[in-house]
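Chains as they are written, first to last, in my numbering: chain L, 1 to 204; chain G, 1001 to 1204.
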């Protein structure tokens, strides 16, 4: 239990501010502004928002195939018979596969790890959920795995580990490109990204 | 009704993101991060936070004396017999009197307008809650009113309007100082603030 149950003796404003600051990207000032807004808006807004937040964990489950968050047994892409089963895109989090889905550039299927290899953070090869991915690759006849973990230390470590394990299983493995983002300015691009952009250059 | 009632056919994640972006200082990206956090944290956190938000409007009322938000009939300062009744600090919002209270520099009482004079925004003299303030000033024997509305266009207009009305009622009226904030850099202070700092200079 992270928050104590509602208690009529505590100050309701302070109590909610303390709960809100536990959310990502909400500081003390934003929390106070949010509470002020909830108290000046129509009271049905706070009731409806509170009901949605409280109901979220029981309304959302993990897709039985790819593991993303969904309200159904299978998510949209997994329930779509038109998606290619031979190409599997592996991501760290549901928000990552959502972002790829918004590009409309990928017609294969997804696999959500809900983890990245991070031995110092307590996720070593023993804790990493490799088994489920290998089982899916074998059962579904996957030919290519696109590793779309983020270009961070943990994301790259995960990509190398997956590449090794999947190649041993006879699957082709690719990695999404890392480089200067669209609209980016070379002058303000960090040296690692710029180094990757050079390294990943393509013949025109 | 600002949000429709919970509906089992809508996507719970999208549905909550749409509700969260209505909050101040929460954009689409923060909303997605918050939902992601709620789905990966202990589910009791979402339940406890949702319950607090939903209960807020019925747990909080306006202080019967000053109008600030409180869980009781009278707020802390209004219930404290040690506070000076002769000095009244007028603020626009409850968060403003909270901020002044945190300075521990004020021992008088507060009056929360829940409004600023803003004729273009629909709050002209007819809509502005002047009556309650004048009644309090008369009933409580207030001798000085400190106008602590913000140094914005609406806050200054309100201050001038209050000064006029209160002086006519025989009360001394003062305005909080506007100038370069503590730790501020003159080079990066806007010209209006710097002009006010010069204008409000004090003899040393």
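C-beta: ideal position from N, C-alpha, C; glycine also. Bear in mind that the values here come from a model prediction, so they are computed numbers and not experimental data.
### Task
Determine the direct distance from the alpha carbon of residue 181 of chain L to that of residue 107 of chain L, and round the result to whole angstroms.
Linking residue 107 of chain L to residue 181 of chain L through their CA atoms gives a straight-line distance of about 23 Å.
#### Entry: Span separating the alpha-carbon of residue 1066 of chain G from that of residue 1151 of chain G
Distance from the CA atom of residue 1066 of chain G to the CA atom of residue 1151 of chain G, rounded to whole angstroms, is 22 Å.
### Message
Under DSSP, the alpha helix (DSSP H) around residue 1199 of chain G begins and ends at which residues?
### Response
Note, residue 1199 of chain G: alpha helix (DSSP H), 1191-1199.
### Query
So, using beta-carbon positions, are residue 125 of chain L and residue 112 of chain L closer together than 8 Å?
No, they are not a contact pair.
### Task
Pull up the DSSP beta-bridge partners for residue 1172 of chain G, would you.
G:1144, per the DSSP bridge assignment.
### residue 56 of chain L versus residue 1191 of chain G: straight-line alpha-carbon distance, rounded
Each residue's alpha carbon lies about 49 Å from the other.
#### Entry: chain G contact for residue 59 of chain L (CB, 8 Å cutoff)
It does; some Cβ of chain G falls within 8 Å.
### Task
Give the residues from the region 1081-1104 of chain G that approach chain L closer than 9 Å (Cβ to any Cβ), ordered along the chain.
Listed in sequence order: 1093, 1094, 1095 and 1098.
#### Entry: For residue 1071 of chain G and residue 1063 of chain G, the rounded distance between their alpha carbons
Rounded to the nearest angstrom, the two C-alpha atoms are 8 Å apart.
### Query
Fully enclosed by the region 78-121 of chain L, which beta strand (DSSP E) runs are 3 residues long or longer?
Uninterrupted beta strand (DSSP E) stretches at least 3 residues long and entirely within the region 78-121 of chain L occur at 87-91 and 109-112, given in chain order.
### Query
Could one say the Cβ of residue 155 of chain L lies closer than 8 Å to chain G's Cβ atoms, at least one of them?
False, the Cβ-Cβ gap to chain G never drops below 8 Å.
### Residue range of the alpha helix (DSSP H) that includes residue 137 of chain L
Taken as a continuous stretch (DSSP letters only), the alpha helix (DSSP H) holding residue 137 of chain L covers 130-139.
### Message
Taking 8 Å as the threshold (beta carbon to beta carbon), is residue 128 of chain L in contact with chain G?
### Response
The beta-carbon of residue 128 of chain L is placed no less than 8 Å from the nearest beta-carbon of chain G.
### Task
Please classify residue 149 of chain L: does DSSP put it in a helix, a strand, or coil?
Of the three classes helix, strand and coil, the one that applies to residue 149 of chain L here is coil, per DSSP.
### Task
Step through the CB atoms of chain L and report whether any lies within less than 8 Å of the CB of residue 1190 of chain G.
Not one beta carbon of chain L lies nearer than 8 Å to the beta carbon of residue 1190 of chain G.
### Run of the alpha helix (DSSP H) containing residue 25 of chain L, from where it starts to where it stops
It is not in any alpha helix (DSSP H) - residue 25 of chain L carries neither H nor E in the DSSP assignment.
### Query
For residue 144 of chain L, which residues of its own chain have a beta-carbon under 6 Å away from its beta-carbon, when the five flanking residues on both sides are left out?
87 and 172.
### Message
Once DSSP output is grouped into helix, strand and coil, what is the label at residue 180 of chain L?
### Response
Correct three-state label for residue 180 of chain L: coil.
### Query
What does residue 123 of chain L pair with, by DSSP beta-bridge criteria?
Residue 123 of chain L is bridged to L:118.
### Top-ranked residue by Cα proximity to residue 1083 of chain G, from G:1044, G:1140 and G:1036
Scanning G:1044, G:1140 and G:1036 for the CA closest to the CA of residue 1083 of chain G turns up G:1140.
### Message
For residue 1020 of chain G and residue 146 of chain L, I'd like the C-alpha separation in whole angstroms.
### Response
Each residue's alpha carbon lies about 33 Å from the other.
### Query
Within the 8 Å Cβ cut-off, does residue 1187 of chain G reach chain L?
So, not an interface residue.
### Message
Can you tell me which residues form a DSSP beta bridge with residue 1062 of chain G?
### Response
According to DSSP, residue 1062 of chain G bridges with G:1069.
### Query
So, residue 1166 of chain G versus residue 1137 of chain G, is the Cβ gap smaller than 8 Å?
Yes, Cβ-Cβ distance for residue 1166 of chain G and residue 1137 of chain G is below 8 Å.
#### Entry: Reduced DSSP category for residue 1018 of chain G - H, G, I as helix; E, B as strand; rest coil
Three-state result, residue 1018 of chain G: helix.
### Message
Whole angstroms are fine: how far does the CA of residue 1200 of chain G sit from the CA of residue 1073 of chain G?
### Response
If you take the alpha carbons of residue 1073 of chain G and residue 1200 of chain G, they lie about 39 Å apart.
### Task
Return the CA-CA distance between residue 1202 of chain G and residue 1176 of chain G, expressed in angstroms with no decimal places.
If you draw a straight line from the Cα of residue 1202 of chain G to the Cα of residue 1176 of chain G, it comes to about 14 Å.
### Query
If residue 1129 of chain G and residue 1148 of chain G are in contact, beta carbons under 8 Å, what's the gap, nearest whole angstrom?
Between residue 1148 of chain G and residue 1129 of chain G the Cβ distance is about 16 Å, and since that is not below 8 Å, they are no contact.
#### Entry: Where residue 1032 of chain G sits in the DSSP three-state scheme
Taken through DSSP and simplified to helix, strand or coil, residue 1032 of chain G comes out as helix.
### Query
Nearest chain G C-beta to residue 21 of chain L closer than 8 Å, yes or no?
Not a single CB atom of chain G sits nearer than 8 Å to the CB of residue 21 of chain L.
#### Entry: Backbone secondary structure at residue 165 of chain L - three-state DSSP
It is helical.
#### Entry: CB of residue 1085 of chain G within 8 Å of CB of residue 1109 of chain G, strictly
Going by C-beta atoms, residue 1085 of chain G is nearer than 8 Å to residue 1109 of chain G.
### Sufficient close CB pairs (3 or more, under 8 Å) joining the region 1038-1052 of chain G to the region 45-59 of chain L
Yes, the region 1038-1052 of chain G touches the region 45-59 of chain L.
### residue 1023 of chain G versus residue 1034 of chain G - alpha carbon distance
Separation of residue 1023 of chain G and residue 1034 of chain G (C-alpha to C-alpha, rounded to the nearest whole angstrom) is 12 Å.
#### Entry: Span separating the alpha-carbon of residue 1 of chain L from that of residue 1099 of chain G
The pLDDT assigned to residue 1 of chain L is 45, lower than 50, so where the model puts this residue is not dependable; a value taken from the coordinates is nonetheless given after this. Cα to Cα, the separation comes out at about 31 Å.
### Query
If we call anything under 8 Å between Cβ atoms a contact, is residue 1161 of chain G one with residue 1117 of chain G?
For the 8 Å CB-CB criterion, residue 1161 of chain G and residue 1117 of chain G form a contact.
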